[in-house]
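Asks: Handing you a structure now.
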Amino acid sequence: MCAATSAAFPLEACGLLFGSRSANLVLVEAASVAANVAADPRCRFEVEPQHLIDSQRRARHGGPAVVGVWHSHPEGPLRPSAADRAGVTDPSWIWIIVSPQGLAAFLPDASAADGFRPLLDAVPALM
5 MCAATSAAFP
15 LEACGLLFGS
25 RSANLVLVEA
35 ASVAANVAAD
45 PRCRFEVEPQ
55 HLIDSQRRAR
65 HGGPAVVGVW
75 HSHPEGPLRP
85 SAADRAGVTD
95 PSWIWIIVSP
105 QGLAAFLPDA
115 SAADGFRPLL
125 DAVPALM
C-alpha cells in the first residue's frame with residue numbers, strides 16, 4: 005500500500021483488502037492495488053470495477069474474501085473525508101487510509117459523528 009501510494013503521488017492510490025471475518029473480528033491478510041478510475045483521482049478514489057468483480061468471483065470459488073478497501077490521501081489528513089463517507093457501499097468493509105503521516109483503519113458507522121469509527125490509530129507508514 006505504501007509503495008503504491010508513493011508511486012501514484014500526487015494522485016490517490018487504491019485497492020482491496022482480503023482476509024476473513026468471524027463474529028466481531030476481521031483479519032486482513034493481504035491487499036491488492038487497483039487502478040483508480042475516479043473522475044478526479046487527485047481527491048477521490050474509485051476501484052476499477054473489473055478488479056472488484058474479479059476479486060469477488062475468486063472469493064466465490066474459494067479465494068480470499070474481500071473484507072475492505074484501502075486508499076491514499078496523498079496530501080490530506082489521515083481520516084475519512086466527506087467523499088469517503090459518500091462512497092461507502094458496504095458498511096461491513098474495513099477502510100484503511102494511507103498518507104504521509106502513516107496509516108489508520110476505520111469502519112463505516114452511521115452513528116459516529118463523521119460517519120466512521122476508528123479501528124486503528126495512526127501508525128507510521130514506510131514511504
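Under the working numbering, think of the first position of the sequence shown as 5, with each following residue one higher.
C-beta: ideal position from N, C-alpha, C; glycine also.
All values derive from a computational prediction rather than experimental measurement.
1) Please classify H65: does DSSP put it in a helix, a strand, or coil?
2) Examine the ligand GDP and report whether any of its heavy atoms sits within less than 6 Å of the Cβ of A11.
3) By a C-beta neighbour count over all protein chains shown, 10 Å radius and 16 as the cutoff for buried, is P128 buried or exposed?
4) Pull up the distance between the alpha-carbon of D113 and that of S85, whole angstroms please.
5) Using DSSP's beta-bridge definition, name the partner residues of L29.
6) Using 7 Å as the threshold, is the C-beta distance between L31 and S24 below it?
7) Per DSSP, A35 is paired with what?
8) Count the other CB atoms, across all protein chains shown, that sit within 10 Å of the CB of L124; report buried if there are 16 or more and exposed otherwise.
9) Look at the Cβ atom of S10, then the Cβ atom of L20, and state whether they are nearer than 7 Å.
10) How about I98 and A108: are their beta carbons less than 7 Å apart?
11) Which runs of the beta strand (DSSP E) at least 3 residues long sit entirely within the region 82-108? Give them in chain order.
Replies: Per the coordinate set shown:
1) Within the sequence shown, the letter at position 61 stands for residue 65. Reduced to three states, the DSSP call for H65 is coil.
2) Here there are no bound small molecules, and the ligand GDP is not part of this structure.
3) Here residue 128 corresponds to residue number 124 of the sequence shown, with the count starting at 1. Label assigned to P128: exposed.
4) By 1-based counting over the sequence shown, the position of residue 113 is 109. By 1-based counting over the sequence shown, the position of residue 85 is 81. Take the alpha-carbon of D113 and the one of S85: they are about 14 Å apart.
5) Indexing the sequence shown from 1 puts residue 29 at position 25. Answer is S26.
6) For the purposes of this step, residue 31 is taken as residue 27 along the sequence shown, with counting starting at 1. For the purposes of this step, residue 24 is taken as residue 20 along the sequence shown, with counting starting at 1. Here L31 is near S24, since their CB atoms are less than 7 Å apart.
7) On the sequence shown, position 31 is the one that residue 35 refers to. According to DSSP, A35 bridges with L21.
8) The residue given as residue 124 occupies position 120 in the sequence shown. By the 10 Å Cβ count, L124 comes out exposed.
9) Translated into the one-based positions of the sequence shown, residue 10 becomes position 6. Translated into the one-based positions of the sequence shown, residue 20 becomes position 16. No, they are not a contact pair.
10) Reading the sequence shown from its first residue, position 94 is the one you call residue 98. Reading the sequence shown from its first residue, position 104 is the one you call residue 108. No; because the gap between Cβ atoms is not below 7 Å, this pair is not in contact.
11) For the region 82-108, whole beta strand (DSSP E) runs of length 3 or above, ordered along the chain, are 98-103.
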